[in-house]
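Engineer:
Number of protein chains: 2
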Amino acid sequence: MASASDNTELITAHSLREMGLAVLSKLGVPEADALDTIDSLIDADLRGVPSHGMRRLLWYAQRLQDRGTNPRPDLRLLAQTPGTALLDGDHGLGQVASKRAMEIAITKASTTGVGVVTVRNSHHFGACAYWAELALPHDMIGLCTTNGGVVMAPWGGTTPLLSNDPIGVAVPAGKELPIVLDVATSVVAGGKLDIAASKGENIPLGWALNSHGLPTTDPLEGRKGVLLPVGGHKGYGLTVIFEALAALISGARFGCDVISPSNTSRPMDIGHYFQAISVSAFSSVELFKSRVDALIRQLKSSTLAPGTDRIFLPGEKEFEARERHLKSGVPMPGEVLEQLRILTTRLGLSTK
Amino acid sequence: MASASDNTELITAHSLREMGLAVLSKLGVPEADALDTIDSLIDADLRGVPSHGMRRLLWYAQRLQDRGTNPRPDLRLLAQTPGTALLDGDHGLGQVASKRAMEIAITKASTTGVGVVTVRNSHHFGACAYWAELALPHDMIGLCTTNGGVVMAPWGGTTPLLSNDPIGVAVPAGKELPIVLDVATSVVAGGKLDIAASKGENIPLGWALNSHGLPTTDPLEGRKGVLLPVGGHKGYGLTVIFEALAALISGARFGCDVISPSNTSRPMDIGHYFQAISVSAFSSVELFKSRVDALIRQLKSSTLAPGTDRIFLPGEKEFEARERHLKSGVPMPGEVLEQLRILTTRLGLSTK
Chain A
0 MASASDNTEL ITAHSLREMG LAVLSKLGVP EADALDTIDS LIDADLRGVP SHGMRRLLWY
60 AQRLQDRGTN PRPDLRLLAQ TPGTALLDGD HGLGQVASKR AMEIAITKAS TTGVGVVTVR
120 NSHHFGACAY WAELALPHDM IGLCTTNGGV VMAPWGGTTP LLSNDPIGVA VPAGKELPIV
180 LDVATSVVAG GKLDIAASKG ENIPLGWALN SHGLPTTDPL EGRKGVLLPV GGHKGYGLTV
240 IFEALAALIS GARFGCDVIS PSNTSRPMDI GHYFQAISVS AFSSVELFKS RVDALIRQLK
300 SSTLAPGTDR IFLPGEKEFE ARERHLKSGV PMPGEVLEQL RILTTRLGLS TK
Chain B
0 MASASDNTEL ITAHSLREMG LAVLSKLGVP EADALDTIDS LIDADLRGVP SHGMRRLLWY
60 AQRLQDRGTN PRPDLRLLAQ TPGTALLDGD HGLGQVASKR AMEIAITKAS TTGVGVVTVR
120 NSHHFGACAY WAELALPHDM IGLCTTNGGV VMAPWGGTTP LLSNDPIGVA VPAGKELPIV
180 LDVATSVVAG GKLDIAASKG ENIPLGWALN SHGLPTTDPL EGRKGVLLPV GGHKGYGLTV
240 IFEALAALIS GARFGCDVIS PSNTSRPMDI GHYFQAISVS AFSSVELFKS RVDALIRQLK
300 SSTLAPGTDR IFLPGEKEFE ARERHLKSGV PMPGEVLEQL RILTTRLGLS TK
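Chains as they are written, first to last, in numbering that gives the first Met the number 0: chain A, 0 to 351; chain B, 0 to 351.
Rendered as structure tokens:
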């Protein structure tokens, strides 16, 4: 096993997958569902987004053990039109409903040009980028958003009433890398505060308010208070809209009625929104991709600001990290690996 | 005629409409198209967003006189599927193509649950909110974005290569006001720099860079340089995505190939994206609206941060401004009125 900086170890994606599948299988999750779930988590680690990576398996496992998450959901299509569907996630892992929902959106888009599928009664689905990217092999633009645990206040307020709903969008390119945006509506994702806390580091002012509504540099205090929306009223406005798309329209829990993620014995019942847009409904696919490439090259031709080495497109750093980590192994913090090993031992699984 | 603070005059929406219709009619725009255009501009003034209001008529008129904008476009449907369409705006006023495109999106959504219409060969369409709101009487969620004149650099760069593509979304509510978001992907819209300049005011650091790529507080210098994206890489990422949706997929000019808005003799050939989502494809409309109302009331229940009087939902300030201005008259800066009067005199129209 190779070693990286500080206490991080480099693990192959293969052995992480084996470990993850064993854990979920032991907790009653069917193999195909376990594979979708673990692949979405490992993909986040590969892309250099550990806040949505295998560290989340610890939480997922606790929820499955405490029956807050249903290991064998019976996904049901509650409504559909030629271009839309509403799926009930039956309190299962978010990835299980998300895989099905995005596939339906893609199928709809192949005949009606655009497909929208919303989901209710679901859980955390990992990173948005993973689901948006499913559209790419179909020459479609993929888009998704979700609500989640309550971490933000409305702009001008201090009470945690909203999730920092993220958006993911993937746009197919030709010779260049696809454009893949995945951003939360807070200045930073809550996972970044957790990582700072686990490293004993401070956070910059402007990321969060403490439970008294005052600016804080302590990540643990910030987690007890609220994350601040990106761009003030703009990030607040976007999260309200994403809440409408993901939760209000699907019949999921919304706003402060979402069950706390740390309440591991009760379903969170959050909602998701998935959309696929077929490029061929508007353009020849080849022409479109050449235009995407041309925009990418235009942007890369920019004069650089002082201190900048290079212009990146959304998702480009993550594609490069994925390629690097597929060769080197996935960097996993020692304490996360330790907790994963304790979990596998507790579940009576052999540790590799 | 009532008077307001400084040199602002309060004009009735009716007399602004008469003036606007006379100008566009004289410049060869058919009456129905002129009405759509003027109504979108007056609506922005009514909503307290003068950057997208009647001051734009001066620019529209110059473009029509210089033949950069086609007064009588022949809108053509270039492609369609059950859920999507592509419309050619034939270099006309943006409002003319936008009205038609949003209507088609709504019609599509009424049978396929969701409708997406993109537009090429178009111009400035006023404020996004106006088009998104067209979905509301149909119990649909409306959404739109557009590209435009080049005002932003990619994140990490200093060359103007992108528009600060805005997004507008309207969500129908029950007893509460609809939620209407309309935000640009820059920290502030370029129009705010123009207004600061016209008042001889400075702008805060963080709004713009000058033509040397350095921070500036001079709005005119900022207009020669680049606007800064909201939330750094997040606003940059969003504008790249909106560029893909509005311009890349429609076949419009994109990135730095958009013709400068100040080149009044050449079509800008920008693109738009319109989407309508039918609430009834997912939920009973009544239930959905009661859930929107419940979220609004949750948010308004927040403890207030120091210095805040009240929690606002996106669009709420603008609805209140509209109601106020419909009674009081529309506030119009003296210099804009003066220029509009010079224009009407030049065109040989009687000034009222």
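Every residue, glycine too, gets a C-beta built ideally from N, C-alpha and C.
Since this is a predicted model, take the numbers as computed values, not measurements.
1) Pull up the DSSP beta-bridge partners for V170 (chain A), would you.
2) Closest Cβ-Cβ distance between A128 (chain B) and chain A: below 8 Å?
3) Using beta carbons (cut-off 8 Å, strictly below), is S259 (chain A) in contact with chain B?
4) Would you mind stating whether K288 (chain B) and P171 (chain B) have Cβ atoms separated by less than 8 Å?
5) Is L15 (chain B) helix, strand or coil when you go by DSSP?
6) Strictly under 8 Å for the Cβ-Cβ distance: is R252 (chain A) near chain B by that measure?
7) Report the residue from B:L135, B:M151, B:H211, B:L312 whose alpha carbon sits nearest the alpha carbon of P228 (chain B).
8) Under a three-way DSSP split, which group does I202 (chain A) fall into?
9) Does any residue of chain B have a CB that is nearer than 8 Å to the CB of P165 (chain A)?
10) Would the region 244 to 260 of chain A and the region 87 to 104 of chain B be scored as touching if the rule is three or more Cβ pairs under 8 Å?
11) Who are the Cβ neighbours of Q409 (chain A) in its own chain at under 6 Å, not counting the five residues just before and after it?
12) Excluding the five sequence neighbours on either side, which residues of its own chain have a C-beta within less than 6 Å of the C-beta of G112 (chain B), listed in chain order?
13) Could you give the residue range of the alpha helix (DSSP H) that holds C127 (chain A)?
14) Judging by CA-CA distance, which residue of A:G82, A:M53, A:G93 is the nearest neighbour of S71 (chain A)?
15) Tell me the DSSP secondary structure of M101 (chain A) in three-state form.
16) Rounded to a whole number of angstroms, what is the C-alpha to C-alpha distance between L192 (chain A) and L219 (chain B)?
17) Write down the C-beta distance between S355 (chain B) and D65 (chain B) rounded to the nearest angstrom, noting that I regard them as a contact closer than 8 Å.
18) What does DSSP give as the partner residues of I341 (chain B) in its beta bridges?
19) Residues of chain B with a CB under 7 Å from the CB of S282 (chain A): which are they?
20) When DSSP builds the beta bridges, which residues end up paired with D87 (chain A)?
21) With distance defined between alpha-carbon atoms, name the residue in A:I240, A:R340, A:S349, A:D44 nearest to S162 (chain A).
22) Do you know how far the Cα of L176 (chain A) is from the Cα of P332 (chain A)?
23) Find the residues of chain B that neighbour E242 (chain A), judging by a C-beta separation of less than 9 Å, and give them in chain order.
24) Against P81 (chain B), what residues of chain A qualify as contacts under a CB-to-CB distance less than 8 Å, listed in chain order?
25) By how many angstroms is the C-alpha of L34 (chain B) removed from the C-alpha of H13 (chain B)?
26) Which residues in the same chain have their Cβ closer than 8 Å to the Cβ of L336 (chain B), if we skip the five residues on either side of it in sequence?
27) Let me check understanding here. Comparing Cα to Cα, which of A:A183, A:S197, A:G234 lies closest to D217 (chain A)?
28) I need the straight-line Cα distance from D181 (chain A) to P49 (chain A), nearest angstrom please.
29) Can you confirm whether the region 46 to 61 of chain B touches the region 14 to 23 of chain B when touching is taken to mean that 3 or more C-beta pairs between the two stretches lie within less than 8 Å?
30) What do you get for I295 (chain B), buried or exposed, if any count of 16 or more other CB atoms within 10 angstroms of its CB means buried?
31) Output needed in chain order: residues of the region 316 to 343 of chain A with a Cβ under 8 Å from some Cβ in chain B.
32) Of the choices B:P159, B:K316, B:D32, whose alpha-carbon is the least far from that of A207 (chain B)?
33) Examine chain B for any beta-carbon lying closer than 8 Å to the beta-carbon of V149 (chain A), and answer yes or no.
34) Roughly how many angstroms separate the alpha carbons of P165 (chain B) and H123 (chain B), rounded to a whole number?
35) Can G173 (chain B) and D38 (chain B) be called in contact, C-beta distance under 8 Å?
36) Comparing the C-beta of S289 (chain B) with each C-beta of chain A, is any distance below 8 Å?
Structural biologist: On the basis of the coordinates in this document:
1) A:I178
2) no
3) no
4) yes
5) helix
6) no
7) B:M151
8) coil
9) no
10) no
11) Residue 409 (chain A) is absent from the model: chain A starts at 0 and stops at 351.
12) S277, A280
13) 127 to 131
14) A small fix is needed here, since residue 71 (chain A) is Arg in this sequence, not Ser. Ranking the options by Cα distance to R71 (chain A), first place goes to A:G93.
15) helix
16) 39 Å
17) The question about residue 355 (chain B) has no answer, for chain B in this structure spans 0 to 351.
18) The partner list for I341 (chain B) (beta bridge, DSSP) is empty, contrary to what the question assumes.
19) I248, G250
20) A:R75, A:R119
21) A:I240
22) 28 Å
23) L294
24) P81, G82, T110, T111, G112
25) 12 Å
26) E8, I10
27) A:S197
28) 14 Å
29) yes
30) buried
31) none
32) B:P159
33) no
34) 12 Å
35) no
36) no
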